[in-house]
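**Q**
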Amino acid sequence: MKRDSTCMEDERVDQRTCLICGDRATGLHYGIISCEGCKGFFKRSICNKRVYRCSRDKNCVMSRKQRNRCQYCRLLKCLQMGMNRKAIREDGMPGGRNKSIGPVQISEEEIERIMSGQEFEGEANMSWSNNGDSDHSSPGNGVSESNQPSPVSTPSSSRSVELNGFAALRDQYLGTPVSTHYQYLPHLFSYSAHSALVPPQTRSLDPQSHSLITQLVCAEDLEPLGTPMLIEDGYKVTQAELFALLCRLADELLFRQIAWIKKLPFFCELSIKDYTCLLSSTWQELILLSSLTVYSKQIFGDLADVTSKYSPSDDELHRFSEEGMEVMERLIYLFRKFSQLKVSNEEYACMKAINFLNQDIRGLTNASQLEQLNKRYWYVCQDFTEYKYPHQPNRFPDLMMCLPEIRYIAGKMVNVPLEQLPLLFKAVLHSCKTSVSKE
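Be aware that the sequence shown starts at 1, since it is given in full-length UniProt numbering, and climbs by one per residue.
Have a look at this one:
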């Protein structure tokens, strides 16, 4: 009976597809489920510090047959899906791989630095100044790690090591054992198009996950916003009045984020300096996330009614920037995505904590501790979504993929001139409200 169960589990793993090209995946490589081809390509590209060029629009289709046509887009997708460069460094160390290294959330700016080669130049300078760092081969060496033959192992034994390593990692952050079926949902991006073919198994929510989620939800202020957003019929709102309202609304939302931080279950674990650094870097993202979820009815309802009473001048329309157009298009897309997902308060609380605990922000005093906390809530959120929505196997990666988009939009909004914000909000809220009314 045990052998039959193992065979069924192996079949479920064999059904997984590479998240880069769609080929048959062989396991968890550098943090994500991928095939041997993309695993080797990513390793060679990073170890040899390759800089590629795309002859098209940097959006080439990645499939098993077309993956070799554009190396630039292939590496770009590896990074976007979360392949971890640190895992490659660990591969070269004695004793085998470090199974504790998982996926990474990389900013658009860092991806651009890697694709252009700037990141490699910075690392080379650091390596040159550190005489003790001799484990990595330089570009001038005739032999690099990527050219060394890989140890021979059977697919079944390799897969077992990969999954058991991840199960131990998940156990480390949640402090509870992993059920057998959970081991085969090992990670943020480990779902494939075939996963829907596997019937979901009924299970209970991990007690530790339930406790952590409850603490996060209790830290949230879910009361309606207090900023007045009701305008008399027939009243015409000016640009200055709408801008003042947006400022008051931003003040209230920011104040709620500060109060939220003080109620977090891990508040006493981090320094005030790190909290200040995190808040100053993520406050726009936190406000955007809360506006798309728990405060969406007021933002896309009451505030949309106010902006509808504002008529921009021809000069304002003419001066609307390309940055504003891009932000508008991405915000509308993100609104539709969140409307489709219908994010629960529990998922929102987890997403907010994950986004806030960004260990890649500069100036932090304890980035490693932040990384541990970040991973803890990743697994908590995954545990909850799989328990609450067993018939939506792609729900968790869909939720997590919204976070890089939120970060990108928040970063782009900084470049939008302040005087264009009233028009931007009018356009976004009008489009979003119209799309909802049509459904």
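Note that CB positions come from ideal geometry on N, CA and C, so glycine has one too.
Keep in mind that this is a model prediction, so the values were computed, not measured.
Using DSSP bridges, identify the partner residues of Ile32.
**A** Answer by DSSP bridge pairing, in chain order: His29.
**Q** Taking 9 Å as the threshold (C-beta atoms), are Arg395 and Tyr389 in contact?
**A** Yes; because the gap between Cβ atoms is below 9 Å, this pair is in contact.
**Q** Whole angstroms are fine: how far does the CA of Gly117 sit from the CA of Ile332?
**A** Distance between the alpha carbons of Ile332 and Gly117 is about 33 Å.
**Q** Mind checking Ile272: buried by the 16 CB within 10 Å criterion, or exposed?
**A** Result: exposed.
**Q** Whose CA, out of Ala353, Gly27, Arg56, Glu371, lies closest to the CA of Leu279?
**A** Taking only the C-alpha atoms, the option nearest Leu279 is Ala353.
**Q** Please classify Val237: does DSSP put it in a helix, a strand, or coil?
**A** In the structure shown, Val237 sits in a strand (DSSP, three-state: E or B).
**Q** Which term fits Ser129, buried or exposed, when burial requires 16 or more other beta carbons within 10 angstroms of its beta carbon?
**A** Low local confidence applies: a pLDDT of 41 at Ser129 is under 50, so the model's placement there is unreliable, and no value is given.
**Q** Among residues of its own chain, excluding the 5 on either side of Lys39, which ones have a beta-carbon nearer than 8 Å to its beta-carbon?
**A** Cβ neighbours of Lys39 beyond the five flanking positions: Thr26, His29, Tyr30.
**Q** Since Tyr310 sits in a beta bridge, which residues does DSSP pair it with?
**A** Partner(s): Val237.
**Q** Does the stretch 327-341 touch the stretch 405-415, meaning 3 or more C-beta pairs lie closer than 8 Å?
**A** As far as the Cβ criterion goes, the stretch 405-415 touches the stretch 327-341, which means the pair count is three or higher.
**Q** For Ala304, does the count of other Cβ atoms within 10 angstroms reach 16, so buried, or fall short, so exposed?
**A** Ala304 should be labelled buried.
**Q** Go ahead and pull the three-state DSSP assignment for Thr365.
**A** Note: Thr365 maps to coil in three-state DSSP.
**Q** Val380 and Cys402 - do their beta-carbons sit closer together than 9 Å?
**A** Not closer than 9 Å, so no.
**Q** State the CB to CB distance for the pair Leu399 and Leu357, rounded to an integer number of angstroms; the pair is presumed to be in contact (CB under 8 Å).
**A** At roughly 16 Å, the Cβ-Cβ gap does not stay under 8 Å, so Leu399 and Leu357 are not in contact.
**Q** If distances are taken between C-alpha atoms only, which option among Cys73, Arg24, Ser431 comes closest to Met325?
**A** Closest by alpha carbon: Ser431.
**Q** Taking the C-alpha atoms as reference points, what is the distance between Asp57 and Tyr72?
**A** Distance between the alpha carbons of Asp57 and Tyr72: 11 Å.
**Q** Check the DSSP bridge columns for Thr17 and list the partner residues they point to.
**A** According to DSSP, Thr17 bridges with Arg24.
**Q** Just checking Ala304 against the ligand PLP - is the residue's beta carbon closer than 8 Å to any of the ligand's heavy atoms?
**A** In the structure shown, the ligand PLP is absent, as is every other ligand, since no ligand is present at all.
**Q** So what's His391 in DSSP terms, helix, strand or just coil?
**A** Reduced to three states, the DSSP call for His391 is coil.
**Q** Using only the alpha-carbon positions, how far apart do Tyr377 and Pro312 sit?
**A** Taking the straight line joining both Cα atoms gives about 43 Å.
**Q** Among Leu286, Arg319, Ile88, whose alpha-carbon lies nearest the alpha-carbon of Tyr348?
**A** Comparing Cα positions, the closest option is Leu286.
**Q** Which residue wins for smallest C-alpha separation from Leu317, given the options Leu423, Pro417, Thr385?
**A** With distances taken between Cα atoms, Leu317 lies closest to Leu423.
**Q** Can you tell me which of the three DSSP states Pro228 falls into?
**A** Of the three classes helix, strand and coil, the one that applies to Pro228 here is coil, per DSSP.
**Q** Spatial neighbours of Arg53 within its chain, please: C-beta separation below 8 Å, excluding the five flanking residues on both sides.
**A** The answer, listed in chain order, is Tyr72.
**Q** Quick one: is Thr307 buried, meaning 16 or more other Cβ sit within 10 Å of its Cβ, or exposed?
**A** Buried is the call here.
**Q** So Lys309 packs on Ile231, CB below 8 Å; how close in whole Å?
**A** Between Ile231 and Lys309 the Cβ distance is about 6 Å, and since that is below 8 Å, they are a contact.
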